[in-house]
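In mature numbering (1 follows the signal peptide of the UniProt record, and there is no 0), the protein residues as written are -36 to -1, 1 to 361.
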């Protein structure tokens, strides 16, 4: 059976891994009474500044099987053009016209934050693909309907500052997106930097669509920091790094986990060689040590993804998107015991079951969610990487 994709075609199915009993059931021939198809509404940035993230996310989803926990699945894709307003319109359409059981996406933080009211009002769980923890923290109000696949900014800032401190970084200049992604990273980095006696000596911001950041770069260089942290996602992050290099900055340049796409390396070229960044296992799967807890699951996904899309094409965002399937399969298997798709009762049950994942293996880690934690990833999902020879490689944990 081929899955029902709207506006897309089905690619080769990836067989996800799971360790919990519930997840194992999800991939077995679980056969509830046949009623309405399970409808999955997917909002991604297929165009615009965040397209490098959205396209690889969609590629991974095209590998999803035709059924989820034995239930025929309809996957409905919409492109928000990297625009939060368009994302909200898409999500309201998916909820009100397509009557989806769950929303997957958006993949940019401002859009996910803007969508919270829509999913809460309709009691539709949303599994976002963003980096910022602000979408799910604190777990109250509309946020109780939101879940997140990527490791939190806090966990990434933790591993990043530990690495900085261990390598003699005492002062840092910060330049981040002038939006909620940059806000979240500045907050988390400031907290962990203080714990590790790292001083932030300059703070600058830039927009995703800026054509120049020369003024900000000169101010950062004038502060003479040991290192600069660029807090952004996708290809717009190349601009401040290239500007710093061209203006003669010789210190270490760190980025966040949002850079991990082949387009970053292609666009950045020699200017991004040596970039230091926190990331998740999929990005550096081929260079992970065998004893790294997520190595097997990460490598299995990378092998399947690159067999379909080509060597060097995998991204953290593809890994996050792939992980949605085992998360859904685990939760849907249990939700189907109490309600059927197409009903509010099922959506409510699905939200509850997404909140109680136990040791569910996804390509970027192992998930254990609670009513207080709608991410569920621990330090098995956080590693340090670098760009070496035009590739992302593992540095440590």
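Think of the CB as a built atom: it goes at the ideal place given N, C-alpha and C, for glycine as much as any other residue.
Please read these numbers as outputs of a predicted model, since none were measured by experiment.
Nearest-angstrom Cα separation, counted from residue j out to residue i
| i | j | result |
| --- | --- | --- |
| residue 198 | residue 52 | 21 Å |
| residue 292 | residue 253 | 29 Å |
| residue 138 | residue 164 | 7 Å |
| residue 54 | residue 43 | 8 Å |
| residue 142 | residue 38 | 37 Å |
| residue -6 | residue 313 | Residue placement at residue -6 is flagged as unreliable, the pLDDT there being 42, under the threshold of 50; the coordinate-derived value follows with that caveat. Whole-angstrom Cα-Cα distance: 18 Å. |
| residue 263 | residue 327 | 8 Å |
| residue 122 | residue 224 | 18 Å |
| residue 233 | residue 306 | 48 Å |
| residue -20 | residue 212 | With a pLDDT of 43 at residue -20, under the threshold of 50, the modelled position of that residue is not reliable, and the figure given next carries that caveat. Taking the straight line from one Cα to the other gives about 47 Å. |
| residue 187 | residue 83 | 44 Å |
| residue 235 | residue 88 | 43 Å |
| residue 349 | residue 243 | 6 Å |
| residue 113 | residue 107 | 14 Å |
| residue 231 | residue 301 | 49 Å |
| residue 146 | residue 140 | 5 Å |
| residue 79 | residue 352 | 38 Å |
| residue 131 | residue 344 | 22 Å |
| residue 370 | residue 304 | Residue coverage of the chain in this structure runs from -36 to 361, which leaves residue 370 outside it and unanswerable. |
| residue 59 | residue 209 | 46 Å |
| residue 296 | residue 160 | 42 Å |
| residue 226 | residue 240 | 15 Å |
| residue 148 | residue 16 | 21 Å |
| residue -4 | residue 298 | In this prediction, residue -4 has a pLDDT of 44, which is less than 50 and means its spatial position is unreliable; nothing more can be read from the coordinates. |
| residue 219 | residue 194 | 5 Å |
| residue 216 | residue 238 | 8 Å |
| residue 273 | residue 267 | 10 Å |
| residue 261 | residue 27 | 16 Å |
| residue 170 | residue 150 | 13 Å |
| residue 339 | residue 258 | 16 Å |
| residue 2 | residue 152 | 37 Å |
| residue 265 | residue 337 | 25 Å |
| residue 269 | residue 9 | 20 Å |
| residue 189 | residue 93 | 32 Å |
| residue 126 | residue 134 | 12 Å |
Three-state secondary structure assigned by DSSP to residue i
| i | result |
| --- | --- |
| residue 183 | helix |
| residue 200 | helix |
| residue 100 | coil |
| residue 92 | strand |
| residue 155 | helix |
| residue 5 | strand |
| residue 24 | helix |
| residue 343 | helix |
| residue 326 | strand |
| residue 244 | coil |
| residue 166 | strand |
| residue 145 | helix |
| residue 236 | helix |
| residue 350 | strand |
| residue 12 | coil |
| residue 249 | helix |
| residue 212 | coil |
| residue 106 | helix |
| residue 222 | helix |
| residue 34 | coil |
| residue 178 | helix |
| residue 334 | strand |
| residue 137 | strand |
Closest Cα partner of residue i within the set the options
| i | options | result |
| --- | --- | --- |
| residue 347 | 120, 79 and 60 | 120 |
| residue 341 | 349, 325, 355 and 354 | 325 |
| residue 377 | 36, 5 and 196 | Limits of the chain in this structure are -36 at one end and 361 at the other, which puts residue 377 out of reach. |
| residue 174 | 167, 196 and 279 | 196 |
| residue 317 | 329, 308, 304 and 333 | 333 |
| residue 283 | 20, 7 and 3 | 20 |
| residue 74 | 274, 47, 33 and 90 | 47 |
| residue 315 | 68, 10 and 154 | 68 |
Residue span of the alpha helix (DSSP H) that contains residue i, given as start and end
| i | result |
| --- | --- |
| residue 270 | 259 to 273 |
| residue 319 | Run containing residue 319: none; DSSP gives neither H nor E here. |
| residue 290 | 280 to 299 |
| residue 229 | 226 to 232 |
CB contact check: residue i to chain D, cutoff 9 Å
| i | result |
| --- | --- |
| residue 67 | Any reference to chain D falls outside this structure, which holds one protein chain only. |
Residue i: first and last residue of the uninterrupted beta strand (DSSP E) it sits in
| i | result |
| --- | --- |
| residue 359 | 355 to 360 |
| residue 218 | 216 to 219 |
| residue 195 | 191 to 195 |
| residue 304 | From DSSP, residue 304 is part of no beta strand (DSSP E); its letter is neither H nor E. |
| task | Scan the stretch 43 to 88 and note each continuous alpha helix (DSSP H) run of 4 residues or more that stays entirely inside, going in chain order. | result | 48 to 60 and 73 to 86
| field | Completely contained beta strand (DSSP E) runs for the stretch 109 to 134, where each covers 3 or more residues | value | 110 to 112
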